[in-house]
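Structure, as structure tokens:
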Amino acid sequence: MQTESYQDDRILDGINLGPMIRIFAYNGIYQLQFLYLFVLIFIKMKKYLKYTKNFYFLFTLFFVIWMVFIDSNDILTQYKLKAKLNELERQKEFYLERKEKIQADRKELMSNNELLEKFARERYLMKRKNEDLYVVVEE
2 MQTESYQDDR ILDGINLGPM IRIFAYNGIY QLQFLYLFVL IFIKMKKYLK YTKNFYFLFT
62 LFFVIWMVFI DSNDILTQYK LKAKLNELER QKEFYLERKE KIQADRKELM SNNELLEKFA
122 RERYLMKRKN EDLYVVVEE
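Residue numbers (the working numbering): 2 to 140.
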């Protein structure tokens, strides 16, 4: 790969290109002139840069940047709050289902005395006066 620098007197749209860098690849078949490409991109961008001097454009750009990144209600905060809201709604559904299950179990326990006695003996280790209670702990 060869790199050659030379003085070019051509002028492109009022811009003197000056020294250009040529890179020869594939035995000189393809030439890539980086500086020339950069100047072409700069000239294309130049027509868009004139809009940046407009007050309304600058104000709109400032407003968008403010609302997206700086404000206390920026997009990232809104995204985090939305994710937290979704998580809380899932938890709400879980606890509502659990509440319904507990209420159904309670209704069933209150309607059946044998089931209530079994629940009290297993859960709260209750016993009758004439009974002895032995707790067996399995290892």
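Using N, Cα and C, we set each Cβ at its ideal position, and we do this for glycine too.
Treat the numbers as computed from the prediction; the structure is a model and nothing was measured.
Cα separation between A121 and M127? Taking C-alpha positions only, A121 is separated from M127 by approximately 6 Å.
Determine the DSSP secondary structure at S112, reduced to helix, strand or coil. Helix, per DSSP.
If we ignore side chains and look at the alpha-carbon of each, how far apart do K45 and F64 end up? So the two alpha carbons sit approximately 26 Å from each other.
So, helix, strand or coil for Y125, using DSSP? Correct three-state label for Y125: helix.
Rounded to a whole number of angstroms, what is the C-alpha to C-alpha distance between N113 and R129? Between N113 and R129, the C-alpha separation is close to 18 Å.
If you reduce the DSSP assignment to three classes, tell me which class E140 lands in. In the structure shown, the three-state DSSP call for E140 is coil.
If you reduce the DSSP assignment to three classes, tell me which class N55 lands in. Collapsing the DSSP output to three states places N55 in coil.
Using the C-alpha atoms, what's the distance from E123 back to A84? Those two C-alpha atoms are separated by around 41 Å.
Cβ-based neighbour list, L116, same chain, cut-off 8 Å, excluding 5 preceding and 5 following: The residues are E109 and L110.
Where Y96 falls: helix, strand or coil (DSSP): Helix at Y96.
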